[in-house]
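Position one of the sequence shown corresponds to residue 213 (our numbering), numbered consecutively onward. Quick notes on the structure that follows.
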Amino acid sequence: MTSLFNISSAKALTLPLALAAMTVFSGCATTTSPEVRSAYDKTQQNLKSQPVSIISDGCLIRIENGNNDIMYQQSNSASLAMAQTVKSKLVEKGVKVNHISSPFICGSRTKEILTKMDVVLTDGAKEQPNTAYPILSSTNTFDSVTNKAYQDLYKALIVSRKAVSDDPTDYPDLLLDSKSLQVIKKIEGAEKIFVVLADGAQPSVGARVATGAIGMLGMITGISNMDILVKSQNYGIYLIDLETNQLKWSKVGDIEGNIFKMPVDSSYVLPKMLDPLYAE
Numbered sequence: 213m214t215s216l217f218n219i220s221s222a223k224a225l226t227l228p229l230a231l232a233a234m235t236v237f238s239g240c241a242t243t244t245s246p247e248v249r250s251a252y253d254k255t256q257q258n259l260k261s262q263p264v265s266i267i268s269d270g271c272l273i274r275i276e277n278g279n280n281d282i283m284y285q286q287s288n289s290a291s292l293a294m295a296q297t298v299k300s301k302l303v304e305k306g307v308k309v310n311h312i313s314s315p316f317i318c319g320s321r322t323k324e325i326l327t328k329m330d331v332v333l334t335d336g337a338k339e340q341p342n343t344a345y346p347i348l349s350s351t352n353t354f355d356s357v358t359n360k361a362y363q364d365l366y367k368a369l370i371v372s373r374k375a376v377s378d379d380p381t382d383y384p385d386l387l388l389d390s391k392s393l394q395v396i397k398k399i400e401g402a403e404k405i406f407v408v409l410a411d412g413a414q415p416s417v418g419a420r421v422a423t424g425a426i427g428m429l430g431m432i433t434g435i436s437n438m439d440i441l442v443k444s445q446n447y448g449i450y451l452i453d454l455e456t457n458q459l460k461w462s463k464v465g466d467i468e469g470n471i472f473k474m475p476v477d478s479s480y481v482l483p484k485m486l487d488p489l490y491a492e
């Protein structure tokens, strides 16, 4: 199954399709049996018992005929907006958020993917080849050891989210190494963290008219030009327990509005973003 964590940018016109595959985040089921509700209620109480932290990331891509463009300014702002959106909802639910980290731009992408893209640093600027990995956010002041710990967190999340089941009491192991765990716990000051992601893909005018670029790909997969050239903007929310080294809960959905517009919104509309953890 295609993943928002491992989208290939080598084929410029396939990214929106990959981003649109929303089941890739493996969100928990919305079953509301007494046993399931009890498990969610227990998680709620645990979240209220001590402060939590939020780690956010944004990755907005403009699809081009050649190399795709990482929209740095929009991605940076999207990461902050996503963090603020989730923080506001958690506070509304009685959860204290004591720290927010937004270390990277497109932090869940691999070096191979990111270095095949161009980057547009500010709105309206000319694209240039991206040579940075990881791509640091505007607020990142971490040293290389700390950056590696957060990169390792994303890598561990890629693996563990594949093991998420419909049972909210069956928690997949995160398998994050102990050194990275300790580094992140020290920075975040919390045992429970929410990793929140905002992802978007928007075809440029040139990409929209270059439908012939699909070529053999469309013939093999049965994907139409319209399917591939659709705009997408999605979110993912992951609750991680650093004490037990487990992924406790996840949710995915669509971001309403237009996350590519400038200036970027300071928060997003994400209906029922914490449901069914918190019934809405």
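In this text, a Cβ means the ideal position worked out from N, Cα and C, and glycines have one as well. For clarity, every value in this text was computed on a predicted model and none was experimentally measured.
- So is valine 303 buried or exposed if we call it buried at 16+ other beta carbons inside 10 Å? Its Cβ having fewer than 16 others within 10 Å, valine 303 is exposed.
So is serine 313 buried or exposed if we call it buried at 16+ other beta carbons inside 10 Å? The residue in question, serine 313, is buried, as its Cβ has 16 or more Cβ neighbours within 10 Å.
Self-check item: First through last residue of the alpha helix (DSSP H) which encompasses valine 248
Solution: For valine 248, the enclosing alpha helix (DSSP H) has its first and last residue at 246 to 261.
Check your understanding: Where does asparagine 352 fall in DSSP's three states?
Key -> Correct three-state label for asparagine 352: coil.
With distances taken from CA atoms, which of Glu492, Asn352, Arg274 and Pro246 is nearest glycine 412?
The shortest CA-to-CA distance from glycine 412 to any of Glu492, Asn352, Arg274 and Pro246 is the one to Arg274.
Quickly, what does DSSP pair phenylalanine 406 with across the bridge? List them, please. Its beta-bridge partners are Ile266 and Leu451.
| task | Report the option in Phe316, Ser300, Gln394 and Gln256 whose CA atom is closest to the CA atom of glutamate 455. | result | Out of Phe316, Ser300, Gln394 and Gln256, Gln394 has the C-alpha closest to the C-alpha of glutamate 455.
Cα separation between serine 478 and asparagine 342? Serine 478 and asparagine 342: Cα-Cα distance of roughly 26 Å.
* Rounded Cβ spacing between aspartate 453 and lysine 404 (contact assumed at less than 8 Å) -> About 6 Å; that satisfies the 8 Å criterion.
Legend entry - Residue closest to tyrosine 493, alpha-carbon to alpha-carbon, out of Thr327, Thr255 and Thr322: Nothing about residue 493 can be read from this structure; the chain reaches only from 213 to 492.
- Query: Does at least one heavy atom of the ligand ZN sit under 7 Å from the Cβ of isoleucine 452?
  - Reply: Within the structure as shown, the ligand ZN is missing, as the structure has no ligands at all.
Does the Cβ-Cβ distance between valine 298 and isoleucine 449 come in under 8 Å? In this structure, isoleucine 449 lies closer than 8 Å to valine 298 by Cβ.
Kindly give me the distance between the Cβ atoms of serine 287 and cysteine 318, rounded to whole angstroms, as I take these residues to be in contact under 8 Å. Taking 8 Å as the upper bound for CB-CB distance, serine 287 and cysteine 318 are in contact here, some 6 Å apart.
Practice prompt. For the beta strand (DSSP E) holding leucine 459, just list the boundary residues, first then last.
Written response: Element bounds for leucine 459: 458 to 466.
Thinking C-alpha only, which one of Leu272, Gln257, Ser261 and Asn258 is nearest isoleucine 471? When each option's Cα is compared against that of isoleucine 471, the closest is Leu272.
Please determine, among Lys308, Asn277 and Ser268, the residue with the shortest C-alpha to C-alpha distance to glutamine 262. Closest option to glutamine 262, Cα to Cα, is Lys308.
Note to self: My assumption, with CB atoms under 8 Å, is that aspartate 364 sits in contact with serine 392. Please give the rounded CB distance.
What the structure shows: Confirmed, about 4 Å.
* Shortest alpha-carbon distance to leucine 350 belongs to which of Glu339, Ser291 and Ser320? -> Here residue 350 turns out to be serine, not leucine, going by the sequence shown. If we check each option's Cα against that of serine 350, Ser291 comes out closest.
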